[in-house]
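In full-length UniProt numbering, the protein residues as written are 1 to 230. All C-beta atoms in this analysis are idealised placements derived from N, C-alpha and C, irrespective of residue type, glycine included.
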């Protein structure tokens with residue numbers, strides 16, 4: 001099977017599982033990448049879940065967040081199994097295979113692979129921002145040695161002078177820094193302050209202190225455009 005046909009089969013599989021975008025990344029030389037190619041699939045968060053986050057986090061978002069994460073892990077495992085069936089090495093980038101450390105840092109973040117796959121960039125809120133869905137996405141990643149056709153990577157921010165998420169942040173944890181590849185997350189925001197405030201907000205809203213506030217990506221102009229689209 002040639003690599004274009006393989007990419008089409010992977011895209012079809014992931015789309016059938018609910019992906020709205022699929023991208024292929026060249027990971028040669030990328031820190032944390034155990035294999036030289038990456039596959040990222042995006043699942044869009046439902047509009048009715050995202051809209052209210054501009055005001056406060058809510059239980060429906062928490063439930064959707066948990067359910068979509070389970071689905072994403074299954075998608076990644078299925079994609080990896082498909083590649084292995086064709087004789088390639090492939091690993092799903094899940095917590096089981098690539099756990100985050102004490103500071104909630106992944107050796108190979110999904111969003112880093114997504115940027116290399118040309119699907120988006122890192123916003124001033126340290127989250128993946130996409131042209132069509134803003135930050136209203138969840139994503140999964142597979143690494144492989146299958147020589148897939150890769151996209152032009154996005155290596156710098158496209159947020160420009162926009163400060164909507166920075167000004168909306170309830171904890172003032174965002175610094176307003178424009179991202180570029182190689183920039184550490186600590187140059188973008190105060191992780192601990194963000195986490196603490198998010199847990200306070202979710203605790204007050206629906207009784208579960210968890211760091212999934214969501215306000216910054218909900219107010220993003222790209223997300224708002226998605227919410228208003230058909």
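Cβ-Cβ separation, residue j to residue i (assumed contact under 8 Å), whole Å
| i | j | result |
| --- | --- | --- |
| residue 210 | residue 86 | Actually they do not touch by this definition, with Cβ atoms about 39 Å apart. |
| residue 146 | residue 88 | 4 Å |
| residue 2 | residue 150 | Not confirmed; about 15 Å, so no contact. |
| residue 148 | residue 91 | The pair is not a contact, with the Cβ atoms about 15 Å apart (cut-off 8 Å). |
| residue 118 | residue 130 | Not a contact, Cβ separation roughly 10 Å. |
| residue 108 | residue 60 | The Cβ separation is near 30 Å, so there is no contact. |
| residue 155 | residue 181 | 4 Å |
Short Cβ contact (9 Å threshold) for residue i with residue j
| i | j | result |
| --- | --- | --- |
| residue 135 | residue 213 | no |
| residue 122 | residue 172 | no |
| residue 45 | residue 133 | yes |
| residue 38 | residue 142 | yes |
| residue 126 | residue 106 | no |
| residue 201 | residue 170 | yes |
| residue 4 | residue 41 | no |
| residue 53 | residue 217 | yes |
| residue 175 | residue 215 | no |
| residue 10 | residue 128 | no |
| residue 43 | residue 116 | no |
Residue i classed as buried or exposed, judged by whether at least 16 other C-beta atoms fall within 10 angstroms
| i | result |
| --- | --- |
| residue 208 | exposed |
| residue 67 | exposed |
| residue 112 | buried |
| residue 23 | buried |
| residue 80 | buried |
Simplified DSSP assignment, three categories, for residue i
| i | result |
| --- | --- |
| residue 14 | helix |
| residue 128 | strand |
| residue 24 | strand |
| residue 148 | coil |
| residue 172 | coil |
| residue 192 | helix |
| residue 105 | coil |
| residue 238 | The chain is shown only over 1 to 230; residue 238 falls outside these bounds and no answer can be derived. |
| residue 201 | helix |
| residue 166 | helix |
| residue 123 | coil |
| residue 6 | helix |
| residue 42 | strand |
| residue 222 | helix |
| residue 231 | It is not possible to answer for residue 231, since the shown part of the chain is limited to 1 through 230. |
| residue 37 | strand |
Contact test: residue i Cβ vs the ligand MN heavy atom, cutoff 8 Å
| i | result |
| --- | --- |
| residue 58 | As for the ligand MN, it is missing from this structure, which has no ligand bound. |
task: Check whether the region 74–82 touches the region 207–227, taking contact to mean three or more Cβ pairs, one atom from each stretch, closer than 8 Å.
output: no
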